[in-house]
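Asks:
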Amino acid sequence: MYRGFYRSLKSGVAYPRFRMAGFALIMLALVATACAAPSAAPAPAQPAPAQPTSEATPQLLPATGTGGTPSPTGPAMVTIKQNDKLGQFMVDSKGMTLYLYTKDSKNTSTCYDKCATAWPALLTSGAPAGGAGVDASLLGTTTRTDGKMQVTYNGWPLYYWFKDQKAGDTTGQLVGGVWFVVSQKGDKITTPTNPTPAPTAAAGGQAAGQTVQVDLKNFAFSPKTLTVAPGTTVVWTNSDSAAHTVKADDGSFDSGNLNQGATFKFTFSKAGTFAYFCMYHGGKGGVGMAGQIIVK
Ligand SMILES: [Cu+2]
Numbered sequence: 141m142y143r144g145f146y147r148s149l150k151s152g153v154a155y156p157r158f159r160m161a162g163f164a165l166i167m168l169a170l171v172a173t174a175c176a177a178p179s180a181a182p183a184p185a186q187p188a189p190a191q192p193t194s195e196a197t198p199q200l201l202p203a204t205g206t207g208g209t210p211s212p213t214g215p216a217m218v219t220i221k222q223n224d225k226l227g228q229f230m231v232d233s234k235g236m237t238l239y240l241y242t243k244d245s246k247n248t249s250t251c252y253d254k255c256a257t258a259w260p261a262l263l264t265s266g267a268p269a270g271g272a273g274v275d276a277s278l279l280g281t282t283t284r285t286d287g288k289m290q291v292t293y294n295g296w297p298l299y300y301w302f303k304d305q306k307a308g309d310t311t312g313q314l315v316g317g318v319w320f321v322v323s324q325k326g327d328k329i330t331t332p333t334n335p336t337p338a339p340t341a342a343a344g345g346q347a348a349g350q351t352v353q354v355d356l357k358n359f360a361f362s363p364k365t366l367t368v369a370p371g372t373t374v375v376w377t378n379s380d381s382a383a384h385t386v387k388a389d390d391g392s393f394d395s396g397n398l399n400q401g402a403t404f405k406f407t408f409s410k411a412g413t414f415a416y417f418c419m420y421h422g423g424k425g426g427v428g429m430a431g432q433i434i435v436k
């Protein structure tokens with residue numbers, strides 16, 4: 141539903157660039173004043189007008205400047221956004237996705253020069269603030285080599301990705317196998333982002349041969365019920381720090397132990413309803429941590 145919204149928004153916007161520049165400034169001012177009111181789910185319509193064209197550059201992003209040496213505009217604000225592919229992940233006050241770099245060490249950025257041009261640091265000029273869902277005790281800062289303060293979460297320095305153009309974009313996910321969106325707990329989210337969005341469970345059945353994702357998060361399967369076409373491969377990814385399993389009630393599949401970040405795949409070739417559960421936190425018949433795949 142978000143995707144459809146963005147699509148219609150994109151095709152409907154055709155302002156001349158000089159008008160957009162003024163509009164973008166007004167939007168930045170409006171959004172800046174709204175920073176004091178944390179929101180768990182920024183409205184997609186709010187940040188989108190600031191980057192309406194495919195020519196949008198990182199310079200339009202909040203708190204960033206040119207050449208990877210952005211200037212902080214005040215205390216940074218981070219909050220949580222959700223989509224059905226990645227679950228809940230960290231964004232800035234305008235809904236722009238934030239990333240961690242697995243080559244960084246705790247509280248120390250190793251991303252400078254060209255790296256910092258592609259991945260502008262989330263800078264702050266004061267203690268960063270956390271919106272709804274953010275664990276404020278995990279927020280911190282690290283000083284970059286130019287003396288600027290970068291926001292950290294769970295020790296990970298946070299970055300933007302220059303190719304993200306609007307709120308909700310997560311095109312930096314898995315770039316180089318070292319950049320990840322950041323979970324509420326401050327860990328990398330390992331769920332793949334498909335370049336072409338697959339239809340969601342809410343949109344009805346899937347085309348055969350497709351792959352769909354189920355997240356194991358907060359001791360639940362998300363989505364809990366998924367309807368797919370025969371031939372669909374379901375990929376379960378454990379985003380919790382606790383181990384889980386994916387075990388069919390009828391025994392037709394069993395992942396065994398899945399630690400954090402581990403995945404399990406199963407291709408459903410026959411029609412039917414396949415109930416499954418986590419053997420540590422659920423049971424047969426939909427007890428506790430359980431879900432079902434409806435194949436039709
Ligand atoms: Cu479990």
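The opening position of the sequence shown corresponds to residue 141 in my numbering, with each subsequent residue numbered one higher.
Each residue gets a CB set at the ideal place from its N, CA and C atoms; glycine is no exception.
All figures in this text were calculated on a predicted structure; none of them were measured in a lab.
Just to confirm the assignment, what range does the beta strand (DSSP E) spanning Ala307 have?
Replies: Neither: Ala307 is in no beta strand (DSSP E) and is coded neither H nor E.
Asks: Just to confirm my understanding: we take Asp355, look at its own chain, exclude 5 residues before and 5 after, and list those with CB closer than 7 Å. What are they?
Replies: In the same chain as Asp355, and ignoring 5 residues on each side of it, the C-beta atoms closer than 7 Å to its own belong to Gly227, Thr331, Ser362, Thr377 and Ser379, in chain order.
Asks: Would you check whether ligand 1 has a heavy atom nearer than 7 Å to the C-beta of Phe359?
Replies: yes
Asks: Just how far apart, CA to CA, sit Val375 and Ala388?
Replies: 14 Å
Asks: If you count every other CB in all the chains shown that lies within 10 Å of the CB of Thr413, and 16 or more means buried, which is it?
Replies: It is exposed - the Cβ of Thr413 has fewer than 16 other Cβ atoms within 10 Å.
Asks: Assuming Ala415 and Gln432 make a contact with CB atoms under 8 Å, what is their CB distance in whole Å?
Replies: The C-beta distance from Ala415 to Gln432 rounds to 5 Å, short enough to fall under 8 Å.
Asks: Would Phe417 count as contacting chain D if we go by Cβ distances under 8 Å?
Replies: Of the chains in the structure shown, none is chain D; there is only one protein chain.
Asks: Which parts of the segment 389-424 are runs of the beta strand (DSSP E), unbroken and 3 residues or longer, counting only runs that do not cross its ends?
Replies: 403-408 and 412-423
Asks: Closest by CA to Phe359, which one among Leu398, Gly371, Phe393 and Gly326?
Replies: Leu398
Asks: Taking just the CA atoms, how far does Met429 sit from Phe417?
Replies: 6 Å
Asks: So is the beta-carbon of Tyr420 under 7 Å away from any non-hydrogen atom of ligand 1?
Replies: yes
Asks: What's the gap between the Cα of Cys255 and the Cα of Leu279?
Replies: 23 Å
Asks: Please tell me whether, using a cut-off of 7 Å, the distance from the CB of Met429 to the nearest non-hydrogen atom of ligand 1 is below it.
Replies: yes
Asks: Comparing alpha-carbon positions, which option in Ala267, Tyr241, Thr242 and Thr257 lies nearest Val218?
Replies: Ala267
Asks: Per DSSP, what are the beta-bridge partners of Ile433 in this structure?
Replies: Leu366 and Phe414
Asks: Taking the DSSP output, what are the residues bridged to Asn378?
Replies: According to DSSP, which records beta bridges pairwise, Asn378 is partnered with Leu356.
Asks: Quick check on the burial criterion: 16 or more other C-beta atoms within 10 angstroms. Buried or exposed for Asp304?
Replies: buried
Asks: Going by beta-carbon coordinates alone, are Thr365 and Phe408 separated by less than 8 Å?
Replies: no
Asks: Could you tell me which of Gly312, Thr351, Pro297 and Ala307 sits nearest to Asp445, measuring between CA atoms?
Replies: It is not possible to answer for residue 445, since the shown part of the chain is limited to 141 through 436.
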